[in-house]
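From first to last, the protein sequence lines stand for chains A and B.
In our numbering, each residue carries its 1-based index in the first sequence increased by 9.
In our numbering, each residue carries its 1-based index in the second sequence increased by 6.
Glycine included, every Cβ here is placed at the ideal spot set by N, Cα and C.
Below is one structure, written out as structure tokens, with a few remarks after it.
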Amino acid sequence: MPNPPPAWVQALKPAEPQGTQLLAQERSQSNIDVDKLGELLHTKEALDKQNSILSVLKSEKVFDKSQNHTLGRTEKIQLALARGKRLQQLKKVHGWSDEDAYVANELLAEPTPYGLHSTMFLVTLREQGTPEQRELFYERAARYEIIGCYAQTELGHGSNVRGLETTATWDPEDKTFVIHSPTLTASKWWIGSLGRTANHAVVMAQLFIAGKNYGPHPFVVQIRDLETHQPLENVYVGDIGPKFGYNTMDNGFLLFNKVKIPHVNMLARFAQVDQATNKYLRPASPSLVYGTMTWVRSNIVLQAGGVLARGVTIAIRYCAVRRQFQDRDAKASAEENQVLNYKMVQIRLLPLLAAMYALHFTGRGMMRLYQENQDRMKAASQADQEKRGAGPEQLRAGSDLLADLHATSCGLKALASTTAGEGLEVCRRACGGHGYSNYSGIGPWYSDYLPTLTWEGDNFMLTQQVARYLLKSARAVLAGKGTANDTSRILQAYLSRRDKGASFDILGNDSDIVAAFAWRTAHLTFETLKYRDVEKRSWNSLLVNFWRLSTALSQYIIVKNFYEAVTSPELTSTLDSDTAGLLRSLFRLYALHTLEREASEFFSSAAVTVRQIGLTQASEVMKLLDEIRPHAVRLVDAWKIPDWQMDSSLGRYDGDVYPDLFRRASQENPVNDLVFDPYPWNDNVLKNTPPKSKL
Amino acid sequence: MPDFTDSLLPKQPTGLEALAHERRHSNLAIDELATHLLGVDGFLARQSKVLSVLQSEPLFSKSHQQNLSRPDRYKLGLARGKLLRRLADKHGWISEEHEMAEYLVDDVSPYMLHMGMFVTTIREQASDAQRAHWLPLIEGWKIIGAYAQTELGHGSDVRGLELEARYDLETREFVLRSPTLTASKWWNGTLGRTANHAIVVAQLLLPDSQGGYVSYGPHPFIVQVRDMKTHLPFDGVVIGDIGPKYGYATMDNAYMLFNNFRIPHSALLSRYSSVDPDTGRYTKPKESAVVYGTLTFMRSKIIQHARLVLARAVTVAVRYTAVRRQFSDRDGPSNGPELPVLDYPTVQIRILPLLATAFALHYTALAMQRIYISTRKEIEAGNFDSLAYMHSMSSGLKSLCTTLAADGIETCRRALGGHGFGGGSGLIQLNSDYLSKPTVEGDNWMITQQTAAYLIKKMTSAVKGMKGTAVDEIDVQYGTYLSQIHGASQTSYNILEQDQDLVRAFQHRATALAYNVYEARVVNKKPWTSLMIELHKLSKAQSQYILVTKFHDALASNTDLSEGTRNILWNVFRLFASYTLEADRYELVFTCGAASRAQLDALPARVNELMARIRPHAVSLVDAWKIPDYLLDSALGRYDGRVYEDLFNRAHRFNPLNKLTVNPNYWEDEIIKGGEDIKAIRAKL
């Protein structure tokens with residue numbers, strides 16, 4: 010690394026006032042109880058655990074992040090594998106749980122090549138294997154004796170699983186499956202941990218028995234030799250190359266040339282081929298898998314809050330330190346203003362501050378609902394076994410709730426991940442020029458998060474599922490067959506008052522804001538239903554309407570969850586009244602700012618009047634910005650995101666932004682080891698012999 | 007090595023067939039449109055001439071560059087920059103041809119500031135004697151220069167710069183000094199490792215009569231910062247590269263500090279302001295806004311660039327979504343073929359308005375360029391009347407156009423689905439490099455204040471009724487509006503059927519917003535800071551109005567296009583205007599009532615209808631931008647549609663990672679089989 014700068018440079022300080030003073034001043038002007046609020050968000054146990062894991066990671070040189078953004082692709086992924094190994098070793102040494110290992114990975118804040126092994130591979134083996142298969146595959150995988158991945162998407166096929174081309178043909182002669190890739194577009198593609206790391210894969214392939222296609226099913230296939238780690242014969246596998254982000258992960262491609270696997274390698278908990286009769290059997294219904302997806306999506310919503318919080322923490326702290334221009338209305342001698350005082354900065358950052366809380370509470374709410382429902386279903390089935398007879402309503406209520414949760418989770422996943430992804434870019438731009446530096450800590454984080462917007466179902470595609478569910482519910486309500494879930498409730502409420510019209514007092518009454526969001530959603534639902542059922546418009550021509558519908562429903566659910574959280578006794582009894590009041594303001598800001606942006610739909614559904622929209626824009630949102638501004642720094646502090654995790658000069662807790670930027674540029678930047686020859690007619694690019702490459 | 011994958015083909019229908027089908031089903035005259043867009047100033051001829059030279063040089067192959075580390079990527083950029091200059095000499099390229107080569111190679115060249123801001127500043131702000139001395143050195147690349155204005159703690163606010171240039175009467179030298187760490191120059195391109203000279207912007211401090219110093223604000227100096235032999239910085243100067251960024255890996259953005267570094271009196275660029283060497287007396291420029299000339303020039307270039315960048319992203323998106331198939335039609339037979347995703351309105355609504363936007367940016371860029379050239383002439387002749395107008399419009403347009411292009415690239419990338427995230431999309435480096443634009447040359451939010459301030463001033467004088475002083479288009483625009491609202495005639499525009507009315511609706515909205523802001527600020531004396539969001543909206547509305555007008559006027563006065571092509575372009579215009587209006591359509595109700603409720607309600611359907619009309623021509627419309635495959639560097643956006651073959655080829659042949667065999671067992675420290683282990687990797691951190 011470069012030599013330290015000369016003494017006269019080391020003696021320089023940033024211009025007054027120092028970032029440290031500015032943040033100290035920010036913190037002193039707000040009385041929010043940061044610790045209490047932090048515990049409410051994350052629990053004390055989780056925060057303590059985070060601290061203890063953090064201190065372990067910080068003491069290991071291999072986790073030093075200073076060269077993360079300088080390395081080439083091949084160097085990067087070797088380092089990532091070294092880190093992945095070390096994490097597993099530490100897990101054993103310290104007796105960490107899976108949950109703890111997950112926290113450690115979050116703190117490291119980059120995917121490792123074991124990413125898909127430790128999640129999708131293990132989960133699939135556990136959930137979809139029979140007890141025999143669990144012993145054969147899952148137990149060994151859990152000990153990392155075999156390393157695997159989950160190979161579903163193909164070069165030519167993403168969200169549409171039914172379109173997959175890889176085949177698994179049952180051979181009744183020798184009782185094996187033949188795995189085969191008939192075309193180039195059948196190549197598995199994007200499969201995490203597959204490119205260089207895994208020696209096994211769960212392969213989704215079209216099952217053929219006696220010429221008949223039974224659709225996609227999961228098969229365990231060994232793809233590399235356990236000794237040499239070379240691909241097995243007739244398996245062609247590799248990494249798909251550099252990407253926008255996620256470059257520490259070896260996303261892979263995979264082709265098979267008639268590879269035989271034994272009967273036991275088809276994961277058989279939900280479907281199997283009978284060895285004796287060669288018949289296809291379906292022993293169990295996969296409704297539990299349905300539940301897993303709902304859980305995964307609820308988790309994405311919760312995580313989206315945390316992902317966004319990282320960007321917002323960086324941007325708010327930096328905008329409190331960064332000063333630019335004097336206030337136009339101030340005296341000529343006045344100092345430059347903190348940019349966080351500018352309304353055009355506030356209007357970008359403070360609604361995102363509100364959104365990260367909104368997403369967090371919504372994710373929590375969904376997971377609670379999911380858990381309650383699981384418990385109820387379990388209780389019901391136990392009661393059934395004990396022959397005491399569960400009431401049919403009780404059973405139906407459970408499955409009905411699950412259907413509602415499943416459909417709404419699709420839309421929420423789409424909205425939450427889009428909000429977080431786009432929010433990060435807003436945060437980056439709000440940091441001005443320095444946001445473009447990787448030392449800002451936002452850019453690479455944003456590129457790593459972006460695939461979340463397209464995986465687990467492309468965000469635009471998912472919205473169709475939500476719309477289909479809403480239309481179905483609306484038809485049921487019209488036919489008088491509505492159920493007790495919330496979706497039916499808001500549709501019924503709308504129908505009962507449609508002729509009278511709505512008169513929501515959105516500026517005077519917070520619960521009316523929630524009602525206005527419900528009204529707009531119901532209005533759009535019935536309008537779309539009319540297009541589809543009465544005017545018989547084609548499905549494709551309505552896709553944009555479906556997307557709007559899904560967004561409206563998801564916004565309603567977030568607003569409702571946020572409202573319930575800030576009015577819940579759990580919250581109001583834990584926090585002092587000032588802090589609780591501020592969270593209430595954050596709710597209002599999130600809801601009213603969203604309403605203002607979607608003004609057209611609120612207006613055309615007659616949920617609000619032009620006058621109300623005008624007042625929201627011109628005064629109410631402005632008032633909320635003023636109210637929240639003094640507490641902004643403490644409101645991000647409460648998320649307790651460690652500096653080490655953010656790895657950001659701009660977002661440092663202590664505000665010492667400029668010395669840190671300068672230190673990294675001058676001391677941690679290998680480009681400064683090179684002396685260039687700038688003249689076109691000299692062939693030398695360098696004038697010196699650079700130090701050995703870093704990896 | 008041959009293996010069984012060599013004989014595999016993509017599933018039918020192939021991309022090749024899909025694009026051929028698209029092209030057969032549009033009657034758009036592609037070459038005619040291409041000539042109309044890019045033929046007039048010789049752009050297309052230059053492109054094909056330079057392209058053939060580049061493609062025969064292996065150094066310009068793009069196949070491995072995404073894998074390189076930052077230092078290696080920079081070295082490649084410098085090597086290419088050198089070769090380009092040599093090729094320019096060899097083939098006798100004029101500067102437009104050299105620029106074309108840079109554009110096609112698509113690195114942010116380490117020489118960029120040398121060829122851009124450095125030489126431009128000397129041309130525009132150096133005295134005749136200074137020009138005579140420096141220009142031959144610069145144009146012959148005998149010296150390499152950069153432009154150092156922004157500091158660690160100071161961006162858009164030039165007056166806040168901290169670096170001092172104190173005049174020493176005794177030695178007739180300026181003394182450069184960085185008083186603090188935040189005074190460090192920062193972000194200055196070409197300076198980190200490449201340049202040996204720089205234009206340095208510093209606060210000019212001159213002695214007063216009491217033995218103290220008075221600041222005369224920021225001024226440009228030309229300073230040699232590195233030794234010509236060793237290429238090391240001089241004593242008293244510290245320079246380095248600021249480290250890895252989101253994009254711009256090939257550019258050595260710099261930090262630079264001075265410790266009482268002395269430069270001669272002649273270093274101050276003195277075309278417009280000067281210091282008497284003997285007395286230290288300051289001569290003011292005739293017009294203080296004159297330094298904004300260069301910035302305005304850079305902004306007009308940025309808009310020129312934005313249209314090509316967006317056209318490139320849209321080319322990839324349109325071609326790939328025409329090839330990519332997913333799901334069969336729900337209303338069709340259950341075993342129907344999967345549809346090209348471009349048939350889905352959820353895909354169209356993301357891509358087709360951006361296709362229209364590329365055209366809108368094009369016509370505005372042409373108009374800006376015309377205005378810049380004429381204004382430049384006026385300035386040379388000592389007439390500064392148009393400068394304020396041009397500067398303020400360029401601020402708002404820079405903000406809007408770069409935001410549209412930056413967000414547009416990302417929207418296109420996401421519309422590609424999963425493969426958009428991969429290196430084969432061709433939009434990764436484009437996105438990362440371009441995302442610098444919304445925050446450089448004036449932050450996109452901050453600079454809209456300049457446009458708004460100018461518009462408020464204009465509205466104030468229009469209200470005062472300063473008749474007969476119509477200097478620019480704004481005076482006319484505001485005069486018309488004021489006479490309308492005073493005339494109390496209800497204006498309602500037929501935005502669905504009349505193209506001219508669409509333009510008028512935009513004009514009306516922008517003007518009404520200006521009037522509201524004028525009232526709030528001038529009449530009701532609201533604090534500036536509290537109005538910032540409205541100011542931003544005003545600047546945006548005015549800039550949107552300019553885009554719509556320039557697009558409309560270009561078509562209305564067009565004579566070189568055949569009627570068929572022109573009709574398609576009219577639909578493209580209508581889509582751009584209607585889509586832009588739709589986004590905040592009820593503002594027309596909220597602020598000025600310029601369109602009827604029924605028409606506004608019908609606007610989304612109108613947008614759908616226009617998209618359906620444009621859809622069959624989408625592939626041909628992007629073809630007309632004639633973006634070469636070499637520039638696209640995209641498996642997904644290839645002209646021939648062989649998407650999957652190319653994706654596989656890149657993964658298969660161009661990916662160095664596949665040469666490494668790893669050891670995946672966590673209890674073994676070995677990382678590469680027979681190669682490095684954890685310890686070796688850790689030791690190098």
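Evaluate residue i with the Cβ neighbour count: other Cβ atoms within 10 Å of its Cβ, from every protein chain shown; 16 or more gives buried, anything less gives exposed.
| i | result |
| --- | --- |
| THR588/A | buried |
| HIS97/B | exposed |
| TRP6/A | A question about residue 6/A goes unanswered here, because the residues of chain A that appear run from 10 up to 704. |
| ARG541/A | buried |
| PRO351/B | buried |
| LYS694/B | Because chain B is modelled from 7 through 691, residue 694/B falls outside the range shown and cannot be assessed. |
| TRP673/B | exposed |
| SER582/A | exposed |
| GLN403/A | Caution applies to GLN403/A, whose pLDDT of 39 falls short of 50 and renders its modelled position unreliable; the value that the coordinates give is listed next. Exposed. |
Could you give the first and the last residue of the continuous beta strand (DSSP E) run that contains residue i?
| i | result |
| --- | --- |
| ASN194/B | 191-194 |
| THR20/B | Careful: THR20/B lies outside any beta strand (DSSP E) and carries neither H nor E. |
Rounded to whole angstroms, what's the CA-CA distance from residue i to residue j? Just pull it up for me.
| i | j | result |
| --- | --- | --- |
| LEU21/A | ILE245/B | 15 Å |
| LYS703/A | LYS481/A | Its pLDDT being 43, under 50, LYS703/A is placed unreliably in this model, and the coordinates cannot settle the point. |
| ARG397/A | GLU242/A | With a pLDDT of only 42 at ARG397/A, under the threshold of 50, the placement of this residue in the model should not be trusted; the figure read from the coordinates follows. Answer to the nearest angstrom: the Cα atoms are 58 Å apart. |
| ALA399/A | ALA412/A | Note that ALA399/A scores 39 on pLDDT, short of 50, meaning its location in the model is unreliable; the coordinates nonetheless yield the value given after this. Answer to the nearest angstrom: the Cα atoms are 20 Å apart. |
| SER568/B | LEU372/B | 21 Å |
| LYS85/A | PRO250/B | 14 Å |
| GLN654/A | LEU117/A | 6 Å |
| PHE731/A | ILE218/A | Any question about residue 731/A goes unanswered here, given that chain A covers just 10 to 704. |
| PHE512/B | TYR551/B | 5 Å |
| PRO4/A | SER202/A | This structure gives no information on residue 4/A, because the portion of chain A shown stretches from 10 to 704. |
| TYR254/B | VAL114/B | 6 Å |
| LEU410/A | ALA388/A | 15 Å |
| GLN333/A | VAL348/A | 6 Å |
Considering only their Cβ atoms, is the gap separating residue j from residue i smaller than 8 Å?
| i | j | result |
| --- | --- | --- |
| VAL164/B | GLY442/A | no |
| LEU89/B | LEU119/B | no |
| LEU32/A | ARG326/A | yes |
| GLU28/B | VAL625/B | yes |
| TYR245/A | LEU592/A | no |
| GLY157/A | PHE130/A | yes |
| ILE228/B | TRP140/B | yes |
| HIS237/B | LYS422/A | no |
For residue i, list the residues DSSP reports as bridge partners.
| i | result |
| --- | --- |
| SER115/B | None, per the DSSP bridge assignment. |
| GLY151/B | HIS203/B |
| TYR288/B | VAL281/B |
| TYR219/B | PRO213/B |
Does the distance between the C-beta of residue i and the nearest non-hydrogen atom of the ligand SAM fall short of 7 Å?
| i | result |
| --- | --- |
| LYS340/A | With respect to the ligand SAM, the structure offers nothing, as it holds no ligand at all. |
Over the uninterrupted alpha helix (DSSP H) stretch that includes residue i, give me the two end residues.
| i | result |
| --- | --- |
| GLU179/B | Run containing GLU179/B: none in the alpha helix (DSSP H); it sits in the beta strand (DSSP E), 179-183. |
| ARG484/A | 468-487 |
| ASN570/A | 552-576 |
Applying a beta-carbon distance threshold of less than 7 Å, which residues of chain C neighbour residue i?
| i | result |
| --- | --- |
| TYR448/A | As a matter of chain content, chain C is missing from the structure shown, whose protein chains are A and B. |
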